[in-house]
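Structure first, commentary second.
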Amino acid sequence: MSENLRERFLELPGNLSSHVTLSVIAIVLGCCLSIPLAILLTRKERLRYPVLTVAGVIQTIPSLALLALMVPVIVYTGGLLIGVSAFGFYPAVIALTLYSMLPILRNTVAGIEGVNPDLREAAVGLGMTDRQVLTQVELPLAAPVILAGVRTAVVWVVGTATLATPVGQRCLGNYIFTGLQTRNWIMILFGVVAAAGLAIVMDLLVAGLEKAAAERRPRLA
Numbered sequence: 273m274s275e276n277l278r279e280r281f282l283e284l285p286g287n288l289s290s291h292v293t294l295s296v297i298a299i300v301l302g303c304c305l306s307i308p309l310a311i312l313l314t315r316k317e318r319l320r321y322p323v324l325t326v327a328g329v330i331q332t333i334p335s336l337a338l339l340a341l342m343v344p345v346i347v348y349t350g351g352l353l354i355g356v357s358a359f360g361f362y363p364a365v366i367a368l369t370l371y372s373m374l375p376i377l378r379n380t381v382a383g384i385e386g387v388n389p390d391l392r393e394a395a396v397g398l399g400m401t402d403r404q405v406l407t408q409v410e411l412p413l414a415a416p417v418i419l420a421g422v423r424t425a426v427v428w429v430v431g432t433a434t435l436a437t438p439v440g441q442r443c444l445g446n447y448i449f450t451g452l453q454t455r456n457w458i459m460i461l462f463g464v465v466a467a468a469g470l471a472i473v474m475d476l477l478v479a480g481l482e483k484a485a486a487e488r489r490p491r492l493a
């Protein structure tokens with residue numbers, strides 16, 4: 273038993289790096305999809321309710337069920353024909369990306385709409401185009417609120433990524449599921465502590481970015 277535990281613990285660097293890679297890619301994809309979409313929602317208000325409703329519905333799907341659902345989705349959308357595996361990384365990253373979108377969407381919309389209208393008018397009065405108002409006024413001022421949404425998404429994604437083991441993705445969840453199968457409570461505890469520690473570290477990193485954005489905000493305002 274002790275030898276088996278030792279072998280499992282030696283797998284930590286690989287499991288940890290896979291977990292971090294999966295989480296970071298999902299968060300980056302979530303930001304790339306959510307922030308432009310949220311900007312569109314602030315310009316096209318009629319789209320806001322249906323888009324946020326769909327994002328909210330995705331959040332109501334149990335995490336493990338959403339991960340499992342991606343397997344048949346990839347199969348039936350022809351993913352296998354273009355060399356995309358229905359198990360492992362792809363279903364996990366798609367599910368986690370979808371799972372990350374709601375807090376980023378919601379906070380980006382709230383952040384942009386929270387910008388003082390007088391600042392927008394002043395920017396337009398200075399001859400700024402709509403793009404310049406967005407990139408030089410609205411987004412910098414909304415950055416702390418947007419990063420607060422990203423921070424929430426990071427914690428959700430890192431925690432949910434532990435459930436990617438059943439769809440064939442290597443992660444810190446390997447310890448938890450192996451421990452459940454073998455009734456090895458030490459291994460379960462190790463996986464839980466490792467995942468929680470990673471979530472705390474990544475949360476602190478984003479919190480640092482959020483603080484930096486907040487400190488810069490008054491100079492812009």
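The opening position of the sequence shown corresponds to residue 273 in the numbering used here, with each subsequent residue numbered one higher. Glycine residues also receive a C-beta, built at the ideal position from the N, C-alpha and C atoms.
| Asked | Found |
| --- | --- |
| Segment limits, alpha helix (DSSP H) that includes R378 | 361–385 |
| Backbone CA spacing between A415 and A484 [nearest angstrom] | 10 Å |
| Outcome for W428 when other beta-carbon atoms lying within 10 angstroms are tallied against a minimum of 16 | buried |
| G397 (DSSP reduced to helix, strand or coil) | helix |
| Integer-rounded CB distance, given that G445 should sit under 8 Å from T437 | 4 Å |
| DSSP three-state assignment for I346, whether helix, strand or coil | helix |
| Segments assigned alpha helix (DSSP H), at least 4 residues, entirely inside the segment 396–438 | 402–405, 411–432 |
| Cα-Cα separation, L341 to A364 | 10 Å |
| Whole-Å CB distance - I366 paired with A358, under 8 Å assumed | I366 to A358, Cβ: 11 Å. No contact. |
| Contact between the segment 298–311 and the segment 328–336 (3+ Cβ pairs under 8 Å) | no |
| Cβ pair count under 8 Å reaching 3, the segment 441–458 against the segment 277–294 | yes |
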